[in-house]
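Position 120 of the sequence shown, counted from 1, bears residue number 113 in my numbering, the numbering being contiguous throughout.
In what follows, a structure is listed as structure tokens, so that the remarks can point back to it.
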Amino acid sequence: MIASILKHEIKNRFNHWSIFLLYGLLIFQGIWYTKGTFDYYVNEDLLMNAAAVFYKNLAGGGILLIIIVAVLTGPILFKEIQHKTGQWLFTNPIDEKKFFLGRFLAAFSINALVCLGYLVGMLLVPYSGIGEAHRFGDAPFGQFIARLFFPFASQYPFAHIIGVFRFGVF
-6 MIASILKHEI KNRFNHWSIF LLYGLLIFQG IWYTKGTFDY YVNEDLLMNA AAVFYKNLAG
54 GGILLIIIVA VLTGPILFKE IQHKTGQWLF TNPIDEKKFF LGRFLAAFSI NALVCLGYLV
114 GMLLVPYSGI GEAHRFGDAP FGQFIARLFF PFASQYPFAH IIGVFRFGVF
């Protein structure tokens, strides 16, 4: 039952124009914040798509993602509480907890896909035309993941292991 609710909700939500608008907004914000963060640093040797720039973008973009998640999730969950439409949409007997869980998982999936637009925007910076060609290196996926999961690596006893991921070329 949860799978059918999840499929139904995702299919209905992806047809709405606001999903595409927010996805485009997040791609634009990813590019714009990368440019702003790069302009903040004074080091001339820093690449525009460096792992440190990506990490600063994610640290500053959190409030934007919180607002978008609230805008997308609120109506999905509140509409059922207000109108009790589950019994009209699904003909089989339905448990209220399973219905809420199905809608919640659908909202979570949509939020995760929309919020990935921010990361896509940061990765599309070299193709946006906002910087010179010598300002970009290879996309630092290994460094980016290490910074994301181990932001305070120097405070941990495994700093030498994490340093391999942080400074290695992947």
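Idealized CB from N, CA, C, for every residue including glycine.
A quick note: this is a predicted structure, and the numbers were derived from the prediction, not measured.
TODO: Please state whether DSSP places residue 121 in a helix, a strand or coil.
DONE: Taking the first residue of the sequence shown as 1, we reach residue 121 at position 128. Correct three-state label for residue 121: coil.
- [ ] Compute the Euclidean distance between the alpha carbons of residue 89 and residue 48, then round it to the nearest angstrom.
- [x] For the purposes of this step, residue 89 is taken as the residue at position 96 of the sequence shown. For the purposes of this step, residue 48 is taken as the residue at position 55 of the sequence shown. Straight-line Cα distance between these residues: approximately 40 Å.
Task: Three-state class that DSSP yields for residue 37 in the structure shown - done: Position 44 of the sequence shown, counted from the first residue, corresponds to residue 37. Reduced to three states, the DSSP call for residue 37 is coil.
Open item on the list: Contact between the segment 26 to 45 and the segment 0 to 15 is defined here as three or more beta-carbon pairs at a separation below 8 Å; is this criterion met?
Closed with: Contact fails: fewer than three Cβ-Cβ distances are below 8 Å.
TODO: With distances taken Cα to Cα, identify the nearest neighbour of residue 16 among 71, 64, 141.
DONE: Position 23 of the sequence shown, counted from the start, is the residue given in the question as residue 16. Of 71, 64, 141, the residue nearest in Cα terms is 64.
Open item on the list: Between the alpha carbons of residue 52 and residue 95, how many angstroms are there, rounded?
Closed with: In the sequence shown, counting from the first residue as 1, residue 52 sits at position 59. In the sequence shown, counting from the first residue as 1, residue 95 sits at position 102. Each residue's alpha carbon lies about 30 Å from the other.
TODO: Within the same chain, show all residues whose beta-carbon is closer than 7 Å to that of residue 0, passing over the 5 residues directly before and after it, in chain order.
DONE: As a working mapping, residue 0 is identified with position 7 in the sequence shown. Excluding sequence neighbours, residue 0 sits near nothing in its chain.
- [ ] Compute the distance between the beta-carbons of residue 55 and residue 115, then report whether it is under 8 Å.
- [x] One-based indexing of the sequence shown puts residue 55 at position 62. One-based indexing of the sequence shown puts residue 115 at position 122. For residue 55 and residue 115, no; Cβs fall outside 8 Å.
Task: 6 Å Cβ shell around residue 62 - same chain, five flanking residues per side excluded - done: Working through the sequence shown from its first residue, we reach residue 62 at position 69. Excluding sequence neighbours, residue 62 sits near 104.
Open item on the list: Just to confirm the assignment, what range does the alpha helix (DSSP H) spanning residue 114 have?
Closed with: The residue labelled residue 114 in the question sits at position 121 within the sequence shown. Unbroken alpha helix (DSSP H) run through residue 114: 89 to 116.
TODO: Express the C-alpha separation of residue 121 and residue 67 in angstroms, rounding to a whole number.
DONE: Here residue 67 corresponds to residue number 74 of the sequence shown, with the count starting at 1. Here residue 121 corresponds to residue number 128 of the sequence shown, with the count starting at 1. Straight-line Cα distance between these residues: approximately 33 Å.
TODO: Please report the Cβ distance between residue 108 and residue 58, rounded to the nearest whole angstrom; I am assuming they are in contact, meaning their Cβ atoms lie under 8 Å.
DONE: As a first step, residue 108 must be located in the sequence shown, where it is residue number 115. As a first step, residue 58 must be located in the sequence shown, where it is residue number 65. About 5 Å separates the two Cβ atoms, so the contact holds.
Open item on the list: Spatial neighbours of residue 6 within its chain, please: C-beta separation below 6 Å, excluding the five flanking residues on both sides.
Closed with: As a working mapping, residue 6 is identified with position 13 in the sequence shown. These residues qualify, in order along the chain: 103.
Open item on the list: Here's the rule I'm using: 16 or more other beta-carbon atoms within 10 Å means buried, otherwise exposed. How should residue 33 be labelled?
Closed with: As a first step, residue 33 must be located in the sequence shown, where it is residue number 40. That one is exposed.
Open item on the list: My output table needs one value for residue 42: the three-state DSSP class, helix, strand or coil.
Closed with: Residue mapping note: residue 42 aligns to position 49 of the sequence shown, counting from 1. Coil, per DSSP.
Open item on the list: Between which residues of its own chain and residue 162 is the CB-CB distance below 8 Å, once the five residues before and five after are set aside?
Closed with: Working through the sequence shown from its first residue, we reach residue 162 at position 169. Model confidence at residue 162 stands at a pLDDT of 44, short of 50, so the residue's coordinates are unreliable; what they give is reported in the following sentence. 131, 135, listed in sequence order.
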